[in-house]
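Each remark here refers to the structure printed beneath this line.
Residue numbers (my numbering): 115 to 506.
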């Protein structure tokens, strides 16, 4: 190798990112953002990216098990949102400097404002602008401010779908080459069609054990539209004999939709089997989704829609909406409905009456889900890191 070739090789090595991934904001209960962080970090390690992770003490073992060689934990007070934000602004840049990181990846909207390192931020959705009524004022102002700040500071942005990338570009008028759509994946060891024994075992954990059910998975926030789903379910199954009615199982952490509990209570008082299961551990999700007659996800809009992908991977017939990113995920492998309860009722009734259609959707869903991988998502992240290093 001559001198010029050695110089070019050194330049290429220098250009490769050294990433500090800030995982301090992910919650103990792994919802969509938590699963995104854990899985994309593991794939970045497999790609050979030089990577350090900073996280809560409770998450250290999980990232080490994923192969991360350098895992740094913050003090326990960092678990409080306000303290974590102060830490992000004051301490994260210094940590990046000490670790020799050239890129800081902030995977949930906020990022350090002052640092000499390149910054990449993940923006999960733009409903703070497109549907502000779905969010409280404080949350709307907070996240809207950070989304605009990403453009103002000329950050490289990762989004989970092309719909979100397009919405970000339209709202901020950022340069197109600073935005990278990285569709999410799913853990194939967790999300695949369950066995009959797994379905029976999950059903047995419920009291009483339902003979059949319709599933919903997601945090109970207004845009998930769970109250309309409950009302639509009641209308759809009312003509059926009580013994033939599937239960409606709503799984997911409590959110700020104050209408869900009262809507569920009203349905139960009228004799319908509607249950709030709360947060379910990952090991129960395969049976919940794959054992359901239908997985219903009538969202008013998503940045991606991970429950739709995971339900398809589990072999469930999925009913969702065509809002924002959801058609990117579902394609022609799901059934679509409008968001009002009457439309949901009609769509649910049609699927309940047509087992062959449900079987066809399940088969298509498994095939379509296989296109979405964490490896492809991580590839796009690496492109974003390299682009950030090449930015002026």
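Virtual Cβ for every residue (Gly too), placed ideally from N, Cα, C.
As the structure is a computational prediction, the values presented were derived from the model and not from experiment.
N- and C-terminal bounds of the alpha helix (DSSP H) containing residue i
i: residue 220; result: Counting along the chain, residue 220 falls outside any alpha helix (DSSP H), though it belongs to the beta strand (DSSP E) covering 217 to 220.
i: residue 316; result: 310 to 318
i: residue 422; result: 420 to 427
i: residue 184; result: No alpha helix (DSSP H) holds residue 184; the beta strand (DSSP E) holding it covers 184 to 187.
i: residue 351; result: 340 to 351
i: residue 503; result: 488 to 504
i: residue 293; result: Not the alpha helix (DSSP H): residue 293 falls in the beta strand (DSSP E), residues 293 to 295.
i: residue 150; result: 146 to 160
Range of the contiguous beta strand (DSSP E) that encloses residue i
i: residue 139; result: That residue, residue 139, is in no beta strand (DSSP E); it is neither H nor E in DSSP.
i: residue 280; result: Unbroken run through residue 280 is the alpha helix (DSSP H), 276 to 286; no beta strand (DSSP E).
i: residue 271; result: 270 to 273
i: residue 234; result: 232 to 236
i: residue 55; result: Residue 55 lies beyond the range of the chain shown here (115 to 506); nothing can be said about it.
i: residue 410; result: 408 to 411
Proximity below 8 Å, CB of residue i to CB of residue j
i: residue 169; j: residue 216; result: no
i: residue 306; j: residue 491; result: no
i: residue 286; j: residue 253; result: no
i: residue 419; j: residue 393; result: no
i: residue 329; j: residue 458; result: no
i: residue 283; j: residue 293; result: yes
i: residue 278; j: residue 417; result: yes
i: residue 404; j: residue 448; result: no
i: residue 300; j: residue 465; result: no
i: residue 114; j: residue 147; result: Residue 114 is absent from the model: the chain starts at 115 and stops at 506.
Separation of residue j from residue i, as counted between CA atoms
i: residue 126; j: residue 163; result: Caution is warranted here: a pLDDT of 42 is assigned to residue 126, below 50, making its placement in the model unreliable, and the coordinate value is therefore given only provisionally. Taking the straight line joining both Cα atoms gives about 14 Å.
i: residue 206; j: residue 151; result: 18 Å
i: residue 115; j: residue 130; result: Because the pLDDT at residue 115 is just 48, under 50, the model does not fix this residue reliably, and the value given afterwards should be weighed accordingly. Cα to Cα, the separation comes out at about 21 Å.
i: residue 507; j: residue 211; result: Given a span of 115 to 506 for the chain in the structure shown, any question on residue 507 remains unanswerable.
i: residue 228; j: residue 183; result: 27 Å
i: residue 432; j: residue 231; result: 43 Å
i: residue 504; j: residue 289; result: 14 Å
i: residue 185; j: residue 425; result: 32 Å
i: residue 487; j: residue 444; result: 15 Å
i: residue 406; j: residue 360; result: 9 Å
i: residue 274; j: residue 374; result: 27 Å
i: residue 498; j: residue 234; result: 7 Å
i: residue 214; j: residue 399; result: 39 Å
i: residue 451; j: residue 472; result: 15 Å
i: residue 122; j: residue 296; result: Per-residue confidence for residue 122 stands at a pLDDT of 44, beneath the threshold of 50, marking its modelled position as unreliable; no derived number is given.
i: residue 257; j: residue 319; result: 38 Å
Residues near residue i in its chain [Cβ-Cβ closer than 8 Å; skip 5 each side]
i: residue 158; result: 133, 135, 165, 492, 495 and 496
i: residue 456; result: 346 and 349
i: residue 526; result: Beyond the ends of the chain as shown, which are 115 and 506, falls residue 526; an answer cannot be given.
i: residue 291; result: 501
i: residue 120; result: Because the pLDDT of residue 120 is 47, which lies under 50, any placement of that residue in the model is unreliable, and the question is left without a value.
Residues near residue i by beta carbon distance below 7 Å, same chain, minus five either side
i: residue 339; result: 412, 413, 414 and 453
i: residue 244; result: 281 and 415
i: residue 143; result: 367 and 393
i: residue 482; result: 426, 445 and 447
DSSP three-state assignment for residue i, whether helix, strand or coil
i: residue 483; result: helix
i: residue 450; result: strand
i: residue 393; result: coil
i: residue 328; result: strand
i: residue 384; result: coil
i: residue 512; result: The question about residue 512 has no answer, for the chain in this structure spans 115 to 506.
i: residue 120; result: Note that residue 120 has pLDDT 47, beneath the 50 cutoff, so the model's placement of it is unreliable and no number is given.
i: residue 166; result: strand
i: residue 356; result: helix
i: residue 267; result: coil
i: residue 464; result: helix
i: residue 456; result: helix
i: residue 262; result: helix
i: residue 132; result: strand
Own chain residues within Cβ distance below 6 Å of residue i, not counting five before or after
i: residue 397; result: none
i: residue 323; result: 317
i: residue 326; result: 360 and 407
i: residue 219; result: 133, 135 and 234
i: residue 124; result: Residue placement at residue 124 is poorly supported in this model, since its pLDDT is 45, which falls under 50; the coordinates still yield a value, given next. No residues qualify anywhere along the chain.
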